Each structure stands twice: as structure tokens, then as C-alpha cells.
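Going by this note's numbering, the first residue of the sequence shown is number 13, and it counts up by one from there. Input: a single structure, listed below in C-alpha cells.
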Amino acid sequence: MYFESHAHFDDKRFKDDREELLELLPSCGIDYVINVGCDVKSSKESIRLAERYDYIFAAVGIHPHELYDMSSKTIEELRRLSEHKKVVAIGEIGLDYYYDTHPRELQQFWFRQQLRLAESVNKPVIIHSRDASQETFDIIAASNVRRGSIHCYSGAAPMAMEYAKMGFYIGIGGVITFSNAKKLIEVVEALPLEKILIETDSPYLAPAPSRGKRNDSRNLEYIVNKIAKIKQTTPEFVAEITGNNAKNLFF
Ligand SMILES: [Zn+2]
């Protein structure tokens, strides 16, 4: 019933009960999961999970926090990994000016290189952007990539509409359930449901009733319920449309 468009079940916070949890999720209404890589190791780990579980698919990419060993060899390795039949996207890639783990010019450089990789292997992208809304938008707009998810979107409504016009989907996660979610609520109000994906970013960003705890895809329910309330429709309809959107994008 739910298409989880962004999770990290390879994360060490799942080390004690990963198998148990991943066996359980389909019986909790989780039909599909995209497990998203942040570096080479977690990209490989995502593929391993996708090989093991039918409902899991993988994205491979280097997160802007993880550029330590980044080189043209890394890009070639990602290219090789992306040939796997269960790899459906390049991600997560982008800019993070909040933590500023690496110089901004370096982040921009490898972001552009990975967009080019996505273009050349003809896969959609999964974008991470924090405190860098305009720069992220400008780099994507200047690229030839026109398919992807703007994961855990944190920008304003007009930019979300611009992304939608360019062909991108907007990923809505647990933040929509927080009491200070005014800006994100405006985004959901403005966007047609046909442009929205649902995601948990597990183990991060648990929605309101579990805020601060380890997150997993079962919490999609809270996100879907909140979107349904904003859109004045049923949770079932939100789950169906966002599921179709994700299938269109990734399959
Ligand atoms: Zn993520």
C-alpha cells in the first residue's frame, strides 16, 4: 500500500534487528522501499539488501558529507554499480551547507559530476539539499537531468512548483508532522499530489509521535495521514497516487 521512496536500512542503528524488521515490513503495508546509498560502502550495502528482499530497490551515490575519498575512480565505481538490475537511481547526491563538511566548491563539483553520471546511465537522481536551496536548484537547472526526487524537501512552495515543472518529484517526510511545519504545509498545499513522493529517511527524522526515536517505514502512515488532511482527501488515495508517482519515476 505504501511506496517508501527513501530509507537507509543499512544504517548501523538497524544492526540488531535488521532482518526481523525487513521480513516484517511487507506485512505492514510497505510494498516497495528504495534504500539509498551515501558512500560506496552503503551503496553496495543497498544493492545487497535489494538482492535479498524483492520489495527493496537501491540507489547508489555519494552524499555531500561523504566526499573524503572522492575521485574519478569513485564515479566509475558508481557507474559499474548502477548497472545492477535493482539499482533504480543515482543518490543521494547534492549540497549540504548546514554541516559544511567539505568546501562548497568541492561539493558543487562532485554534485555536477554525479548529475552527469545519472544522465549518462539514464537513471533518475535523489537529491539532498540543506541550507543550499538556490544553489542546488541552479546546478540541477544547468544540468540535463530532468527526472528525480528532491528528498526531504525544505525549500519554499514556489521553488517546489519550479522543480515540478522541470519534471521532478518532491519528497515529503516526517517533518510535515512537526508543529513548526508551516512552510512545508504550504508546499504540500501548492503541489498537485501527482508531484509528491512519501519517504521516512529512516533511521532519521521520525514523525511527530516518535520524534527523536529510530524511524522505520511503518511511520509512513503518519506522513500519509497528514498529507491527506492537508489535501482534504483519504489516506488511501494519497498512498495510491504517491505510489504511482514513485513507480513512474523509478521503474
Ligand atoms: Zn537520506
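All C-beta atoms in this analysis are idealised placements derived from N, C-alpha and C, irrespective of residue type, glycine included. Predicted model, so just to flag it, every value in this text is computed and none were measured.
Worksheet item: Would DSSP call P237 helix, strand or coil?
Response: Against the sequence shown, residue 237 aligns to sequence position 225. It should be pointed out that residue 237 corresponds to Asn in this sequence rather than to Pro. The three-state reading of DSSP puts N237 in helix, counting H, G and I together.
Discussion item. Pairs of beta-carbons, one from the stretch 155-171 and one from the stretch 72-87, closer than 8 Å: are there three or more?
Written reply: The stretch 155-171, when compared against the stretch 72-87, does not touch it at the 8 Å Cβ threshold.
Item to complete: Could you spell out where the alpha helix (DSSP H) holding Y175 opens and where it closes?
Response: Here residue 175 refers to the residue found at position 163 of the sequence shown. Start and end: A169 to M178.
Worksheet item: Leaving out the 5 sequence neighbours to the left and right, which residues in its chain are closer than 7 Å to A172 when beta-carbon positions are compared?
Response: Stepping through the sequence shown from its first residue, residue 172 is reached at position 160. Contacts found: Y165, I182, V199, A202 and L203.
Discussion item. Under DSSP, the beta strand (DSSP E) around F15 begins and ends at which residues?
Written reply: For this step, residue 15 is matched to residue 3 along the sequence shown. It spans Y14 to A19 - the beta strand (DSSP E) in which F15 sits, taken as one unbroken run.
Worksheet item: Going by Cα to Cα distance, which pick from T86, M13 and L205 is closest to V72?
Response: As a first step, residue 72 must be located in the sequence shown, where it is residue number 60. For V72, the closest alpha carbon among the candidates T86, M13 and L205 is that of T86.
Discussion item. Within 10 Å of its beta-carbon, does L34 have 16 or more other beta-carbons around it, so buried, or fewer, so exposed?
Written reply: The sequence position of residue 34 within the sequence shown is 22, counting from 1. By the neighbour-count rule (16 or more Cβ atoms within 10 Å), L34 is buried.
Worksheet item: Tell me which same chain residues have a C-beta within less than 6 Å of the C-beta of P38, skipping the five on either side of it?
Response: Residue 38 sits at position 26 when you count from the first residue of the sequence shown. Taken in chain order, the residues that qualify are Y67.
Worksheet item: Exposed or buried, what is G224 when buried is set at 16 or more other beta-carbons lying within 10 Å of its beta-carbon?
Response: Taking the sequence shown and counting its residues from 1, the one referred to as residue 224 is at position 212. Under a 10 Å Cβ-count criterion, G224 is classified as exposed, with fewer than 16 other Cβ atoms of the shown protein chains found around its own Cβ.
Worksheet entry | Check whether N227 and P215 have beta carbons under 8 Å apart | Within the sequence shown, numbered from 1, the residue matching residue 227 stands at position 215. Within the sequence shown, numbered from 1, the residue matching residue 215 stands at position 203. Yes, the pair counts as a contact, with Cβ atoms nearer than the cut-off.
Item to complete: Measure the alpha-carbon distance for L107 versus L127 and round it to whole angstroms.
Response: Residue numbering aside, residue 107 sits at position 95 when the sequence shown is read from its first letter. Residue numbering aside, residue 127 sits at position 115 when the sequence shown is read from its first letter. C-alpha separation (whole angstroms): 12 Å.
Worksheet item: Among all the DSSP beta bridges, which residues are the ones paired with F26?
Response: Translated into positions along the sequence shown, residue 26 becomes position 14. Paired residues: none, contrary to the question.
Discussion item. Judging by CA-CA distance, which residue of R91, G186, K177 and I59 is the nearest neighbour of F21?
Written reply: Translated into positions along the sequence shown, residue 21 becomes position 9. The shortest Cα separation from F21 among R91, G186, K177 and I59 belongs to I59.
Worksheet item: Would you say D213 touches ligand 1, meaning its beta carbon is less than 7 Å from a heavy atom?
Response: Position 201 of the sequence shown holds residue 213. Relative to ligand 1, the nearest heavy atom lies less than 7 Å away from the CB of D213.
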